[in-house]
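Quick note, the sequences are listed as chains A and B, same order.
Mapping of the first sequence onto this note's numbering: position 93 corresponds to residue 93, and the numbering continues sequentially without gaps.
Mapping of the second sequence onto this note's numbering: position 63 corresponds to residue 63, and the numbering continues sequentially without gaps.
From the three backbone atoms N, C-alpha and C, an ideal C-beta is built for every residue, glycine too.
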Amino acid sequence: EPEVTQTPSHQVTQMGQEVILRCVPISNHLYFYWYRQILGQKVEFLVSFYNNEISEKSEIFDDQFSVERPDGSNFTLKIRSTKLEDSAMYFCASSESQRGWYEQYFGPGTRLTVT
Amino acid sequence: GQQLNQSPQSMFIQEGEDVSMNCTSSSIFNTWLWYKQDPGEGPVLLIALYKAGELTSNGRLTAQFGITRKDSFLNISASIPSDVGIYFCAGRVCERKYGNKLVFGAGTILRVKS
């Protein structure tokens, strides 16, 4: 069964450093998303991406964040200058077009620890 | 912004029991999704609902899209130990300003009674 994959599974970085989180969405999906989950809290929407551009973003997704689809398979989230409060699980998700738009399938997540 | 109130926050189950949880909001939703998350993993989609009143099953799981479009419930019948985990409702608000993003509830933690 096709699935969303994410790398790395765990990333430790120092405050102020840049990190890039990588995702490979399900191959025939056209919509891509990043979500964040701070430990013990609910999943929060960050950004959605369609047709090579951001279609929607939340208040959390400020200028420190950017997303890119550098090739036909990868989808990345970059945090330019990490802060302690960026420590969280980051989930990538993807969905098909048409009716399946809202059936978003999540990857296993990357645990980001900022020290 | 819009919020989903999910209850209960946690519950203990005994094998064989039926379990029920729900999500409510003051906003109208046009899509409800139910996910399960195991520790250290991503949410796994269980059921998707698209129409008010819709009742959909996936094995021992049954979910309904409330007729008012402001709520949804999930039932698990005859629970088994592997049902433990965190269950999240998520929905898409039917208001243009909220776009197409999913809003998540805070989760219901299912634990096993010892």
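Item to check | Close Cβ partners of residue 60 of chain B (< 7 Å) along its chain, the five nearest in sequence each way excluded | outcome: For the purposes of this step, residue 60 of chain B is taken as the residue at position 60 of the second sequence. Only 76, 77 and 78 meet the Cβ criterion.
Next on the checklist: For a cutoff of 8 Å on Cβ pairs, would you count residue 32 of chain A as touching chain B?
Outcome noted: By 1-based counting over the first sequence, the position of residue 32 of chain A is 32. So no, residue 32 of chain A is outside the interface.
Item to check | Cβ neighbour criterion (16 or more within 10 Å) applied to residue 15 of chain A | outcome: As a working note, residue 15 of chain A is residue 15 in the first sequence. It is exposed - the Cβ of residue 15 of chain A has fewer than 16 other Cβ atoms within 10 Å.
Next on the checklist: Taking the beta carbon of residue 79 of chain A as the centre, do at least 16 other beta carbons fall within 10 Å, making it buried, or is it exposed?
Outcome noted: The residue labelled residue 79 of chain A in the question sits at position 79 within the first sequence. Counting Cβ neighbours within 10 Å, residue 79 of chain A comes out buried, since at least 16 surround it.
Checklist entry - Buried or exposed: residue 71 of chain A, going by 16 or more other Cβ atoms within 10 Å of its Cβ? => result Working through the first sequence from its first residue, we reach residue 71 of chain A at position 71. So residue 71 of chain A ends up on the exposed side.
Item to check | Boundaries of the beta strand (DSSP E) in which residue 65 of chain A is found, first to last residue | outcome: As a first step, residue 65 of chain A must be located in the first sequence, where it is residue number 65. That run of the beta strand (DSSP E) goes 65-68.
Item to check | Residue range of the beta strand (DSSP E) that includes residue 51 of chain B | outcome: As a position in the second sequence, residue 51 of chain B is number 51, starting the count at 1. Taken as a continuous stretch (DSSP letters only), residue 51 of chain B belongs to no beta strand (DSSP E), as it is neither H nor E.
Checklist entry - So, is the C-beta of residue 55 of chain B closer than 8 Å to a C-beta in chain A? => result Position 55 of the second sequence, counted from the start, is the residue given in the question as residue 55 of chain B. For residue 55 of chain B, the answer is no, since every Cβ of chain A falls outside 8 Å of its Cβ.
Item to check | 9 Å Cβ cut-off: residues of chain B touching residue 45 of chain A | outcome: Against the first sequence, residue 45 of chain A aligns to sequence position 45. The answer, in chain order, is 101, 102, 103 and 104.
Checklist entry - When burial is assigned at 16 or more other CB atoms within 10 Å of the CB, is residue 53 of chain B buried or exposed? => result By one-based count along the second sequence, residue 53 of chain B stands at place 53. So residue 53 of chain B counts as exposed.
Next on the checklist: Can you determine whether any heavy atom of the ligand ATP sits closer than 7 Å to the C-beta of residue 39 of chain A, and answer yes or no?
Outcome noted: This structure simply doesn't include the ligand ATP, nor any ligand for that matter.
Checklist entry - In terms of residues, what are the limits of the beta strand (DSSP E) holding residue 110 of chain A? => result Within the first sequence, numbered from 1, the residue matching residue 110 of chain A stands at position 110. Counting along the chain, the beta strand (DSSP E) containing residue 110 of chain A begins and ends at 110-114.
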